[in-house]
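Taking it in order: structure first as structure tokens, then the write-up.
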Amino acid sequence: MATDRDTVLEAAVGVLSRRPTAHLDEIARAAGISRATLHRLFPGREALIREVGMLGLRRFAAALDTAGVEHGDAEAALRRLVDAAVPDAALCAFLAGENQLYENDDINDLWELQIARLHALFLRGQQQGAFRIELSAAWLSEAFFDLVAGVGWSIQDGRLAPRDAAFSLTELFLGGALRRPDAAAPATDLPPAHSTSAHSQDTDTP
């Protein structure tokens, strides 16, 4: 019988991330324990949700540490973060969907700390010329985390194979976040769509 707290919490998040109002009996069954054992570990629904949230934030903090997001090339650090965060994407999905969590000061403070680290990564990447500067670092941070959460939901629903998750997230996010060399060119500078030869000459010109 599973009685390890983290094992029970991981089972709980598989239920709660998709059905936030699930009964404790359902969570206990998913964890392979009795309702009484669940209650001994977590004295009530609020305590359980808080502990799942804390586990998710600790795991995301560990992913940021593993990726070394404060150092070096920002794009490379983001790719490392994808690899480190995707295994716990279901926990990120729970964090993204459970508003009740952020009524707790400890959880809210820890969340703000982690999102600030992510914000700093994107800001550094913009300064390095890797990420688009017309998108704010704050927005890139929120969008990235929500995409990780989306990976968690998609895997749970069978819409995304776990083996494809890191690649899918990286390609989708960086396809929109990487700064393009011609991004600053105004649309009026583009040649008419029918002028193939002009287009070729313009694109070949340094």
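In terms of the numbering used here, the sequence shown has 176 at position 164, counting the first letter as 1, and numbering is strictly consecutive. No residue lacks a Cβ here, since even glycine has one placed at the ideal position from N, Cα and C. Just so it is clear, the structure is predicted and the values come from calculations on it, not from any experiment.
With distances taken Cα to Cα, identify the nearest neighbour of E124 among G162, M66, S148. It is M66 whose Cα lies nearest to the Cα of E124.
How is the alpha helix (DSSP H) around R17 delimited, first residue to last? Where R17 is concerned, the enclosing alpha helix (DSSP H) stretches over 17 to 28.
State the Cα-Cα distance for the pair R171 and L159, rounded to the nearest angstrom. Near 14 Å, if we compare the C-alpha coordinates of L159 and R171.
Please list, in chain order, all residues of the same chain as A96 whose beta carbon is under 7 Å from its beta carbon, the five residues on each side excluded. The residues are A75, T78, A79.
Assuming V64 and F106 make a contact with CB atoms under 8 Å, what is their CB distance in whole Å? Your pair V64 and F106 checks out as a contact, with CB atoms roughly 6 Å apart and the cut at 8 Å.
By how many angstroms is the C-alpha of L186 removed from the C-alpha of A23? C-alpha of A23 to C-alpha of L186: approximately 31 Å in a straight line.
Taking three-plus beta-carbon pairs below 8 Å as touching, is the segment 44 to 58 in contact with the segment 85 to 94? Taking 8 Å as the limit for Cβ pairs, the verdict is that the segment 85 to 94 does not touch the segment 44 to 58.
How would you write the range of the alpha helix (DSSP H) that R171 sits in, first residue to last? Here R171 belongs to no alpha helix (DSSP H), and DSSP marks it neither H nor E.
R62 Cβ short of 7 Å to the ligand HEM heavy atom set: Annotation note on the ligand HEM: not contained in the displayed structure, which lists no ligands.
Counting only the same chain and skipping the five closest in sequence on each side, list residues whose C-beta sits under 6 Å from that of A73. For A73, where only same-chain residues beyond five positions count, the Cβ hits under 6 Å are Q126.
Is the Cβ-Cβ distance between A42 and G26 less than 8 Å? Yes. Within cutoff.
L130, buried or exposed, once every other Cβ within 10 Å from all chains shown has been counted against 16: When all chains shown are included, L130 counts as buried.
Taking the C-alpha atoms as reference points, what is the distance between Q140 and L21? When rounded, the distance between both Cα atoms is 39 Å.
Could you say which of L50, E87, A48, A108 lies nearest to P32 if we only look at CA atoms? Taking only the C-alpha atoms, the option nearest P32 is A108.
Residues of its chain near D16, where Cβ-Cβ distance is below 6 Å and the 5 sequence neighbours each way are ignored: Correct list: empty, nothing qualifies.
Excluding five sequence neighbours on each side, which residues of the same chain lie with their C-beta closer than 7 Å to the C-beta of R71? D100, L103, listed in sequence order.
Mapping the DSSP letters down to three states, classify T49 as helix, strand or coil. The answer is helix: DSSP assigns T49 an H, G or I state.
At the level of alpha carbons, what is the spacing between I145 and H35? Cα to Cα, the separation comes out at about 45 Å.
With a CB to CB cut of under 8 Å and the five nearest residues on each side skipped, what residues in its chain are close to L181? Within the same chain, L181 has close Cβ partners V94, V98, L159, V160, V163.
Since I believe A86 is in contact with R136 (beta carbons under 8 Å), could you give me their beta-carbon distance rounded to a whole number of angstroms? Contact between R136 and A86 holds: CB atoms are separated by about 5 Å, below the 8 Å threshold.
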